[in-house]
Structure formats: structure tokens, C-alpha cells
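Residue numbers (the numbering used here): -9 to 305.
Here a beta-carbon is modelled for each residue, glycine too, at the ideal position from N, C-alpha and C.
What follows is one structure encoded as C-alpha cells, with my remarks underneath.
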Ligand SMILES: [Zn+2]
Ligand SMILES: [Zn+2]
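Right, here's the structure in full:
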């Protein structure tokens, strides 16, 4: 099962009824969080997230609304029983930021593995899988995480996460090859087996080919530019900032290097994504839902989510 939860929908500052933008994604007991502004730990508790399952924290940039909740989040993970290491990835300079913020939460019961990513060129890293010995899960899912440098007032990364999906096991093929039942699981996990009669059976001989990865894009904060659409191409879910519904705010957004609802919708359309969730609403945008009819004219499958909005992408 793959579930995505948008923990908060606000930008700049948390409000009494709106947490700051961050995302929680969980697949088979492994969770990824993107961004942790002030209060993210509270939003996670409200959404019933499993603290001990967070293995990867991605930071988009070092503005306070995206990172100042780090000490509280780390303490909450510890309190939730996390003991295995936590990978924290983000723009260059991340180590200094994490070291500064963790002065007030010493003695965490887990190791922090800090990875500074390129802020000039897109970069990709693989996360998880059986080869990643730093994790204890027997069947850890495998993700490709692509970091795309965005156009903000400070180095900022958009993240595009692809969950690799193992091919579907086909018992008919296995039966035809007279593979003993007890070897089905080994074969499905990707290992080659040798039968008692000496025949070598590979996974591809008993499966139905690779399935398309599930793709989730997350882009905030940035001025709009077409490369974002290239990277979000045919994403199952694209989460993108939209500070204001009203296009009259365009000049201000260009100065501040942010997007309007309409910018995000145009990117979603160009990328041909399945679904767009808008987020990072300005504190002055009191009723983002009012902008829905206009934005749906540009991209029909747009959602204006509320805090804790969730969707199961794989059952
Ligand atoms: Zn922000
Ligand atoms: Zn920012």
C-alpha cells in the first residue's frame, strides 16, 4: 500500500487552522517526509502518522517555514520509538543547518545520515531496497529520488519520487516450469534459483514484466518554469505551490519567486499529471477553495486540499 498525506497547506507561517506545507508518504512500513516547518510534528500526530517508520527526510530549502520544525520532529520520532538511522537530504549547506538546529535536541537515539544535494544540476539517488544494508526491513521498497533545482530566493529543490514496483508473479508460468512451491517467494524477490534437476530459473521466467513506477512530484517554493513540468511528466500525483488564486498577484509573486494557482495548473497540464494538489497558500489567502472553478478551467483534476488530506495510490 502507498499512501500520501499532505500534512499542512500553509506557506510562510503556521496559522491556528492551517499547518505549514509538508508531506508524509508511506509504503509497506517505510515512510518519507518532505519538509518540516514549525508544527510538522503536531500535524503528523493529527494525521496518525507512524513516527518510528520515517527513514528519509527531504528538505526543499532553508526558509523557516520548511525547516524550523526539525528539532521537534526529531524528538517526536525518538518519542515514537524510532531507533534506526534517519537520512536527511537537502540543498548544499544542510549539514550546518542540521548541526545548528540539533544543538537543542542532543542525545537522539538514532543516527543522522546527512546528504547534501547538488543545487545547480538535477541529481538522482536511490533509497531503500535489499542492498541498502543500513535498514532492517527484509522487504524494503526501492525509490528513485530526483532533486530538481528550483528558482527561489535561496537554493531550493523540488523532489520527484518514483517507487519501483516488482513485476507480478505468474504462478502459471512457475507451474509450467515445475518450480517447487517453496521457491516461489525466493524467485519473486528477484533471486535466481537452481532446481534439483540442475535447471536455472530466473525471476523474469516466472513474472509478467515490470510495472510502471508510481511517481509523486513535490514542488515548492519557486517561480514557475517549464523544466518542472518535464520532471513531473505523467506523475500519478503532483503537489505544487500556489500562493494565491488571484492572478492580480502575479507581479508580487514574480518578485518573491513563488507561484499562483494558475501557474501550478499550467505546469500540471503541460506535464500531463493525473492529479494536482495545490498547497503553500499565503496566510492572506483565506479561502483557497474559492479559486477552484477558475483553476479547474486550466487543469480539471486539481484539488484544493485541507490539512491532513490523504490518498492511497496503491492498495
Ligand atoms: Zn515557503
Ligand atoms: Zn521559501
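Contact between residue 11 and residue -1 holds: CB atoms are separated by about 6 angstroms, below the 8 angstroms threshold. Our two residues, residue 247 and residue 241, have alpha carbons roughly 10 angstroms apart in a direct line. Relative to the non-hydrogen atoms of ligand 2, the Cβ of residue 211 comes within a distance shorter than 7 angstroms of at least one. Counted as a single uninterrupted DSSP element, the alpha helix (DSSP H) harbouring residue 283 occupies residues 282 to 288.
With a cut-off of 7 angstroms, the C-beta of residue 297 is classified as distant from ligand 1, since no heavy atom of the ligand falls inside that distance. With fewer than 16 other beta carbons inside 10 angstroms of its own, residue 93 counts as exposed. Looking at the DSSP output, residue 209 shares a beta bridge with 230. Distances between the C-beta of residue 1 and the heavy atoms of ligand 1 include at least one below 7 angstroms. Assigned with DSSP and collapsed to three states, residue 103 falls in strand. Counting C-beta pairs with one atom in each stretch, the segment 147 to 164 and the segment 203 to 221 have three or more that are closer than 8 angstroms, which means they touch. Considering only 153, 245 and 280, the residue with the shortest C-alpha distance to residue 225 is 153. Between residue 74 and residue 108, the alpha-carbon positions lie close to 26 angstroms from each other. Nearest Cα to residue 24 within the set 71, 78 and 38: 78. Here the alpha carbons of residue 203 and residue 303 stand approximately 11 angstroms from one another. Judged by beta-carbon spacing, residue 273 lies beyond the 8 angstroms limit of residue 13, meaning their Cβ atoms are not closer than that value.
For the segment -7 to 81, the full-length beta strand (DSSP E) segments reaching 3 residues or more read 12 to 17, 20 to 24, 44 to 48 and 76 to 81 along the chain. For residue 88, no beta strand (DSSP E) run applies; the uninterrupted alpha helix (DSSP H) run containing it begins and ends at 84 to 91, by DSSP.
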